[in-house]
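For reference, the structure is listed below as structure tokens.
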Amino acid sequence: MRRCWRVAIALLLAGPGGSIAGCRGSGETWTARPHEPSNGESSAAGALAESTAWPYAPASMRVHPLTRRVDSTSGASLPSASADAASRTDLEVRIECLDSDGHETRAIGSLVIELVGGGARWTVGPIDLSDAEINRRIFEGTTRTYRVGVAMPQEASLETGTVLSIEARLRLPGGRVLEASFELPWR
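In terms of numbering that gives the first Met the number 0, the sequence shown has 165 at position 166, counting the first letter as 1, and numbering is strictly consecutive.
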């Protein structure tokens with residue numbers, strides 16, 4: 000209760016337009032002002048809806064180094080892009096999207112993962128990241144990556160020492176395609 004009174008008194012002493020030290024870590028003060036529509040814009044929401052460029056949209060992506068082979072006999076299950084996918088998981092592919100500032104971000108679009116190894120090629124997807132439920136299910140907040148559990152087909156018999164090439168393509172809503180690849184030694 001005492002703290003509330005102290006804050007209230009400090010706000011009154013600061014006056015209109017004043018600031019209190021420590022309220023903003025960056026030292027910058029932002030001033031709120033009424034929105035003034037321009038160019039026929041009817042509201043701030045309308046401006047946002049009409050905007051075609053999102054500054055934090057993915058600018059690049061990579062197959063994250065946490066991508067790994069998983070022992071399917073351990074019984075550990077991973078979230079799958081498909082709710083009806085097989086429960087067996089042999090591979091955990093992690094995809095990281097980065098914005099133009101180099102920070103991790105979520106994405107919307109169509110993700111396709113291709114696996115190449117032992118003279119064969121397999122395709123996973125397309126995974127519709129525009130579907131909010133799928134996006135939430137496979138995005139892992141701790142690592143800020145999309146974690147896709149992959150059950151390798153029965154005929155996929157990769158020998159130890161084989162290098163599995165993982166190629167990922169993400170088609171963004173505007174049609175731009177981001178690509179990344181990763182070499183995973185099969186152990």
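Note that CB positions come from ideal geometry on N, CA and C, so glycine has one too.
- Membership of A167 in any alpha helix (DSSP H) is not indicated; the residue belongs instead to the beta strand (DSSP E) covering 162 to 170.
- In the DSSP assignment, L65 forms no beta bridge with any residue.
- Under the 10 Å beta carbon count, G108 is surrounded by 16 or more other beta carbons and is classified as buried.
- Each residue's CA atom was taken as its position, placing T161 and W185 some 5 Å apart.
- Going by beta carbons, G124 and I133 fall outside the 7 Å limit.
- As a beta-bridge residue in DSSP terms, A179 pairs with A167.
- Judged by DSSP in its simplified three-state form, E154 adopts coil rather than helix or strand.
- Per the coordinates, the alpha-carbon of V92 lies some 7 Å from the alpha-carbon of V149.
- Judged by DSSP secondary structure, A119 falls within the beta strand (DSSP E) whose first and last residues are 119 to 127.
- Collapsing the DSSP output to three states places R135 in a helix.
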